[in-house]
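So the sequence shown is numbered by the working numbering: it starts at 1079 and just counts up by one.
By construction, the Cβ of each residue, glycine as well, lies at the ideal position given by its N, Cα and C atoms.
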Amino acid sequence: MAYALKITDLDPLEFDLLFERFLNPERVSMPDFDVDFCMEKRDQVIEHVADMYGRDAVSQIITFGTMAAKAVIRDVGRVLGHPYGFVDRISKLIPPDPGMTLAKAFEAEPQLPEIYEADEEVKALIRHGAQTGRGHP
């Protein structure tokens, strides 16, 4: 895309770069691209771009990372020190739909509420997952 928009002169066909990595039927969202540069010189790069294009034409963008239900369960389980197999078994019960929350998972997977009610470790795992500051369960 960057080549087609003349942002770069690096021809992906000439270097046999895989377009499929960025746009394929399994990908849920559209691809994007970014530019990485050394953190030590970050402020200088920002200043240079602002000087070059004008401060009114340059801005910084914030992004917030959220975690899907499976990731919440896996991360919280790891932090709480639960064995991988235990956490993996619970996380595999959560449907793989994009945007899946713990609340939706409880509705979609009948085994999840049953296991939750029967196992104190699962209650702790999911309760802590619902409280994580890193995402929305």
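Query                                                                                : Result
Cα-Cα separation, D1129 to A1146                                                     : 40 Å
Residue from I1124, I1085, V1150 and K1148 with nearest C-alpha to I1139             : I1124
D1113 versus A1135: straight-line alpha-carbon distance, rounded                     : The question names Asp, but residue 1113 in the sequence shown is Val. Each residue's Cα considered, the two are about 17 Å apart.
Beta-carbon spacing of P1176, V1106 below 8 Å                                        : yes
Backbone secondary structure at F1115 - three-state DSSP                             : coil
Exposure of L1096, with buried meaning 16 or more beta-carbon neighbours within 10 Å : exposed
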